[in-house]
Amino acid sequence: MSALLFRNATLIDPERGETKGDLLVRDGLIDGGAAGHAQVIDATGLYLAPGIVDLGVKVCEPGERHKESYRSAGQAAAAGGVTTIVTRPDTNPAIDTPEALEFAKKRGADARVRVAHIAALTKGREGREMAELGFLQDAGAVAYSDGDHVVTDTKILSRALTYAKSLGALVIGHPQDAGLSAGAAATSGPFASLKGLPGVSPMAERMGIDRDIALIEMTGVKYHFDQITTARALPALERAKANGFDVTAGVSIHHLTLNEFDVGDYRSFFKVKPPLRSEDDRRAVVEAVATGLIDIICSMHTPQDEESKRLPFEDAASGAIGLETLLPAALRLVHSGDLTLPQLFRALSLNPARRLGLPGGSLATGSPADLVLFDKDAPFVLDRFTLRSKSKNTPFDGARLQGRVKMTMIGGEIVYNGTENA
Amino acid sequence: MSFGHRHLLGIEPLSPSDITSILDLSDAYADRMKAGTPQPKALAGLTQINMFYENSTRTQASFELAGKRLGADVMNMSMSTSSIKKGETLVDTALTLNAMRPDLLVVRHGSSGAVNLLASKVNCAVLNAGDGRHEHPTQALLDALTIRRTKGRLHRLTVAICGDIAHSRVARSNILLLGRMENRVRLIAPPTLVPSGAADWGVEVYDDMAKGLEGADVVMMLRLQKERMDGGFIPSEREYFHRFGLDGEKLARAKPDVIVMHPGPMNRGVEIDGIVADDVTHSVIQEQVEMGVAVRMAAMDLLARNLQTRNDHGREVLV
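If you read the protein sequences in the order shown, they are chains A and B.
Take the first sequence: its position 29, counting from 1, is numbered 56 in the numbering used here, and each next residue is one higher.
Take the second sequence: its position 234, counting from 1, is numbered 265 in the numbering used here, and each next residue is one higher.
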């Protein structure tokens with residue numbers, strides 16, 4: 028394989044910070060040696076960072092391929108600078124058997140980016156019996172999760188966590204008290220009340236995290252909270268980390284860049300799970316990403332077709348797509364001065380790769396050349412119909428964003444260079 | 032008289048002068064109704080469709096009568112037996128009806144925001160006849176008209192709204208309207224029936240009814256839905272009546288010339304004592320019903336005027 032040299036880029040190394048310089052790629056790896064006869068890519072004025080590892084992407088195969096297939100998700104990911112998608116098991120049927128996982132893996136070959144799979148923790152994600160965790164691990168599952176279904180029976184959950192612990196496996200949970208949050212479409216408060224929407228107290232998230240931390244302490248399992256979105260949940264997370272539990276936390280880009288008021292006049296594209304929070308909560312969570320208390324930023328990519336969104340707000344489906352808008356939306360936090368680029372790519376690339384034991388996430392010599400080259404400042408107005416996902420349910424339709432992906436590379440191969448490629 | 036809105040979806044987008052415009056025109060219609068003078072056929076040649084996704088007797092009858100008195104062709108769609116049972120979505124139903132070119136669409140729906148969604152898909156004027164727990168603008172306007180005609184003004188009054196605030200669209204629209212017209216609004220309810228964040232709405236919240244009624248000019252009682260009476264939100268019907276039901280003793284804390292209102296239908300012996308409800312020295316409950324027709328005539332008249340000036344779906348102007 029030939030060598031390729033990115034010349035004169037600003038290199039974003041999540042471990043060592045931001046430097047100006049060149050980066051050599053040889054045989055699919057980042058190479059520390061001399062350039063020699065490398066093909067040169069002029070990256071003047073552009074930024075080069077490890078490709079995004081997006082933890083918790085919903086691809087609707089099996090079950091709802093019209094909403095998103097591995098092919099379309101892969102195209103969206105490549106165009107968004109995402110080099111690895113870690114898919115959720117909340118498909119129909121759920122990925123809860125090795126056979127279902129084999130199917131998803133076969134379909135995943137259609138994607139032009141790397142794919143890793145999360146399997147269900149319990150059968151059918153119903154919280155009654157644990158799934159075949161060992162077989163699923165043998166089949167390649169990188170973590171277990173019931174998605175946004177909370178296992179309410181703590182006896183069953185504690186056994187599943189104990190079993191997962193013996194496999195050394197990572198479990199991903201959705202911190203939310205199921206009773207308090209039942210039927211909610213918004214975060215309770217003056218806005219939800221004025222709009223007449225059923226609300227859930229932000230305290231439901233703290234109750235969820237408190238319960239799960241007790242079970243983590245009890246079982247010693249490796250645990251990741253999919254989304255921490257409220258200020259009140261942060262002290263519990265901080266204590267759990269200080270106590271040395273093997274725990275990490277994520278947050279979706281939507282909770283970092285939008286708040287409850289964005290719902291405005293019942294705009295169902297802003298209906299996500301958990302619901303968008305107050306501006307105070309959003310600020311607190313952004314700060315927690317900056318300090319590293321929250322480890323991972325993800326898109327929580329959830330495709331929904333027009334029919335499931337064109338309903339009264341309470342009845343509309345939850346979720347927003349995000350693969351292609353993750354980077355430009357996250358750059359809002361850089362432009363606003365809340366995060367530096369190395370901080371951002373720790374949360375987007377390095378931390379998720381490390382947590383899941385996946386390649387990538389680093390610019391260190393010998394790492395796979397999973398890279399994103401982008402213009403940090405290029406302004407544009409997003410038109411949702413230009414997005415590559417089959418579903419177009421983005422809350423950023425019509426939004427002014429800054430930051431465009433110029434090239435995405437996986438293992439030294441260019442999978443996106445401003446137009447469809449490879 | 033200016034009213035620059037295409038739809039009447041809620042009180043929230045209305046300015047004080049919008050509210051005054053509607054009430055002034057309503058007054059004229061109410062006076063003619065009381066005098067038995069014939070009404071102008073302001074809606075002649077226009078088609079009004081009533082779409083009620085939730086059962087309603089009084090509101091639907093009130094809108095129907097208002098339209099007919101002004102000469103509109105009124106059609107009632109009974110949504111509970113129609114194509115929604117066959118799985119048609121709200122938006123598809125709206126598009127189908129829109130293709131039949133109505134001029135006025137009156138909609139009640141069980142989900143907050145459903146009427147806003149529908150209004151964004153049609154060309155005609157849409158009137159919200161109640162959406163979920165969001166708004167019920169014509170109810171707030173008829174309450175305002177009743178207050179203004181009884182008290183002689185609609186500002187600097189102390190108005191106590193009592194009962195199930197959390198689930199009430201009537202309460203939300205009234206809080207918005209009364210606040211906008213610079214009145215002092217008190218909410219009186221058990222804390223389980225006060226919406227979260229209500230204290231930030233510029234109202235005073237009471238869980239002691241006697242204190243909340245102290246010096247009130249107007250008392251608005253809200254209906255407590257049957258399904259909320261037992262255990263979930265309040266301990267029992269009889270405890271609720273004891274603590275939050277309006278009886279003569281509690282009412283004595285209000286001003287001597289206090290008026291008592293209720294949007295109906297009433298649960299006698301739950302939120303209001305029958306004797307108080309029937310006592311015409313204070314109760315204006317029947318007057319509210321009459322004002323409802325006048326307010327709906329005025330609202331549809333104003334929206335129809337905009338329809339004609341804008342002529343926005345190519346209908347020939349018949350003036």
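Just so it is clear, CB atoms sit at the ideal spot from N, CA and C, and this is done for glycine as well.
Just so we're clear, the structure is a prediction, and the values are computed from it rather than from any experiment.
- prompt: Among all the DSSP beta bridges, which residues are the ones paired with N205 of chain B?
  reply: Paired residue(s): none; N205 of chain B is not in a bridge.
task: Mind checking which residues open and close the beta strand (DSSP E) that includes N35 of chain A?
output: A30 to D40
message: Does the stretch 138-155 of chain A come into contact with the stretch 107-121 of chain A, if we say contact requires no fewer than three beta-carbon pairs (one atom in each stretch) closer than 8 Å?
response: yes
message: Quick check on DSSP: helix, strand or coil for G226 of chain A?
response: strand
field: DSSP beta-bridge partners of G277 of chain A
entry: A:I323
query: CB-CB under 7 Å to P301 of chain A, same chain, minus the five flanking residues each way: which ones, in chain order?
result: Q203, E232, Q254 and T256
message: Just to confirm the assignment: which complete beta strand (DSSP E) runs, minimum length 3, are found wholly within the stretch 153-186 of chain B?
response: 156-162
query: Taking the alpha carbon of E258 of chain B as the point to measure from, which residue in B:G323, B:V320 and B:N298 has its own alpha carbon closest?
result: B:N298
- request: Note down, in chain order, every chain B residue with its Cβ under 8 Å from the Cβ of K222 of chain A.
  value: S143, G144 and H165
- request: Mark I199 of chain A as exposed unless 16 or more other C-beta atoms lie within 10 angstroms of its C-beta, in which case mark it buried.
  value: buried
message: Beta-carbon within less than 6 Å of K192 of chain A's beta-carbon, same chain only, minus the 5 sequence neighbours each way: which residues are those?
response: T246, G247 and V248
query: Can you tell me the Cα-Cα spacing of K403 of chain A and T37 of chain A, whole angstroms?
result: 10 Å
query: Alpha carbon to alpha carbon, what distance is there between S142 of chain B and N159 of chain B?
result: 12 Å
message: Given this structure, state the Cα-to-Cα distance separating P47 of chain B from V324 of chain B, to the nearest angstrom.
response: 21 Å
message: Classify S279 of chain A: buried if its beta carbon has 16 or more other beta carbons within 10 angstroms, exposed otherwise.
response: buried
field: Contact under 8 Å by Cβ, V122 of chain B with R337 of chain A
entry: yes
- request: Indicate whether at least one CB of chain A lies closer than 8 Å to the CB of S227 of chain B.
  value: yes
- request: Leaving aside the five residues before and after A76 of chain A along the sequence, list all residues of the same chain whose C-beta is less than 6 Å from its C-beta, in chain order.
  value: I39, F372 and V399
- request: Just the C-alpha distance for P386 of chain A and G78 of chain A, rounded to the nearest angstrom, thanks.
  value: 10 Å
query: At a CB-CB cut-off below 9 Å, which residues of chain B make contact with G226 of chain A?
result: P226, S227 and G228
- request: Using beta-carbon positions only, say whether L253 of chain B and I192 of chain B come within less than 8 Å of one another.
  value: yes
query: If the cut is a Cβ gap below 9 Å, which residues of chain A does H36 of chain B touch?
result: Per Cβ cutoff of 9 Å: no residues; H36 of chain B is ~14 Å from chain A at best.
task: Could you work out which residue in A:D292, A:L188, A:M234 and A:G206 is closest to I243 of chain A when comparing CA atoms only?
output: A:L188
Pairwise C-alpha distance: R215 of chain B and T181 of chain B: 17 Å
For S228 of chain A and D62 of chain B, the rounded distance between their alpha carbons: 48 Å
field: H273 of chain B: first and last residue of the uninterrupted alpha helix (DSSP H) it sits in
entry: E268 to F275
Collapsed DSSP secondary structure at D404 of chain A in the structure displayed: strand
task: Note down, in chain order, all residues in the stretch 332-344 of chain A with a beta-carbon under 9 Å from any beta-carbon belonging to chain B.
output: E334, R337, L338, P339, F340, E341 and D342
query: Between the stretch 304-336 of chain A and chain B, which residues of the former have a C-beta closer than 8 Å to a C-beta of the latter?
result: E334
Secondary structure, beta strand (DSSP E): runs of 3+ residues fully inside the stretch 263-333 of chain B: 290-292
query: CA-CA distance, M110 of chain B and Q79 of chain B?
result: 15 Å
- request: Could you name the residues that DSSP lists as bridge partners for R431 of chain A?
  value: A:D402
task: Report the residue from B:H167, B:G246, B:T189 and B:G163 whose alpha carbon sits nearest the alpha carbon of D342 of chain A.
output: B:G163
task: Taking only runs that begin and end inside the stretch 75-117 of chain A, name each unbroken alpha helix (DSSP H) of 4 or more residues, in chain order.
output: 97-106
Short Cβ contact (8 Å threshold) for G107 of chain A with L409 of chain A: no
task: Evaluate contact between the stretch 67-83 of chain B and the stretch 129-136 of chain B, counting only Cβ atoms and requiring at least three cross-stretch pairs below 8 Å.
output: yes
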